Ligand code: NAP
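In the working numbering, the protein residues as written are 571 to 835.
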């Protein structure tokens, strides 16, 4: 059986099984893709059981990406750089860890024709998602990235570790082409407490998607954002990258984009 799964906690609302089923249908690949609720601290046992069942690969989501990073016996350079793993592949006794989140975001921004080359960015958050997307954003040729986090020490420690001259702390008179909300604030219907002026004339992107992202994106629009986007496209594109890791072919995402956008409307 061509068995895959997504591990997370909670996991019941994950769209990943639907996305991978659609990709499989499109490419004529028969697969089973399940949701598995895995409490923090028990990923290793869950993966062992899954491999005994014949599992070939798994996605890993909140709050297990750090555990997946530690569990992997080999990691891709992008997973190493992110310090987090969202895609596991099992072969020949090895556990290969990858991270497709940053790739998913950059592909989605390109899809929406948001330029990254020479762009001035504000990145909100310093958690797993922020760490996953930073490297690919830097690789895309941005001019600079200001990083804000609710707990400032966490962002400072992280930026010092990354050590790229284009990273800095936000200054009061900074203006931005693109503001990316990689905090979990939208999940609690909260707004990250940043000055309203940061949104003026910027494209504003929330990694959260659907109605959950609504409050933040409406606020950004009210404060003068030129355009607002949610993270549904990133979710679909990171899944397409994971699908490519496992099956060697990248699916076309247009159909799944239209299907899920209609459902979330
Ligand atoms: P995480 O590792 O738990 O990090 C959470 C981050 O959010 C931290 O920076 C935290 O700040 C901050 N935060 C939490 N509540 C906040 C609030 N009320 N106000 C301001 N900041 C707050 O979570 P994650 O894995 O990075 O995920 C972050 C978000 O990205 C989630 O909404 C997740 O669903 C989304 N995501 C989407 C995709 C996609 O494909 N679209 C992929 C990955 C993640 P402190 O450091 O101060 O705690």
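For each residue, glycine too, the CB sits at the ideal point set by N, CA and C.
Quick caveat, the model's predicted, so the values are computed rather than measured.
Please confirm whether any heavy atom of the ligand NAP lies closer than 8 Å to the CB of residue i.
| i | result |
| --- | --- |
| residue 629 | no |
| residue 756 | yes |
| residue 610 | no |
| residue 801 | yes |
| residue 702 | yes |
| residue 671 | yes |
| residue 681 | no |
| residue 777 | yes |
| residue 726 | no |
| residue 753 | yes |
| residue 572 | no |
Identify whether residue i lies in helix, strand or coil by the three-state DSSP scheme.
| i | result |
| --- | --- |
| residue 817 | helix |
| residue 659 | strand |
| residue 560 | The question about residue 560 has no answer, for the chain in this structure spans 571 to 835. |
| residue 782 | helix |
Nearest by alpha-carbon distance to residue i: which of the options is it?
| i | options | result |
| --- | --- | --- |
| residue 687 | 696, 818 and 676 | 676 |
| residue 671 | 703, 637, 736 and 801 | 703 |
| residue 636 | 627, 619, 658 and 819 | 658 |
| residue 573 | 824, 792 and 620 | 620 |
| residue 757 | 732, 733 and 784 | 784 |
| residue 744 | 831, 692, 643 and 653 | 692 |
At what residues does the beta strand (DSSP E) containing residue i begin and finish?
| i | result |
| --- | --- |
| residue 694 | 690-694 |
| residue 800 | 797-800 |
| residue 667 | 664-668 |
| residue 611 | Where residue 611 is concerned, there is no enclosing beta strand (DSSP E), given that its DSSP letter is neither H nor E. |
| residue 714 | 714-718 |
If you draw a straight line from the alpha carbon of residue i to that of residue j, how long is it in whole angstroms?
| i | j | result |
| --- | --- | --- |
| residue 779 | residue 627 | 25 Å |
| residue 820 | residue 645 | 20 Å |
| residue 804 | residue 776 | 10 Å |
| residue 718 | residue 679 | 21 Å |
| residue 713 | residue 663 | 42 Å |
| residue 822 | residue 660 | 25 Å |
| residue 600 | residue 594 | 6 Å |
Return the first residue and the last residue of the alpha helix (DSSP H) that residue i is part of.
| i | result |
| --- | --- |
| residue 577 | Careful: residue 577 lies outside any alpha helix (DSSP H), inside the beta strand (DSSP E) at 573-578. |
| residue 591 | 586-597 |
| residue 607 | Residue 607 -> not in any alpha helix (DSSP H); beta strand (DSSP E) instead, spanning 602-607. |
| residue 776 | Premise fails: residue 776 lies in the beta strand (DSSP E), 773-776, not in any alpha helix (DSSP H). |
For residue i, decide whether its Cβ has a neighbour in chain C, counting only Cβ atoms nearer than 9 Å.
| i | result |
| --- | --- |
| residue 790 | The structure shown contains no chain C, having only a single protein chain. |
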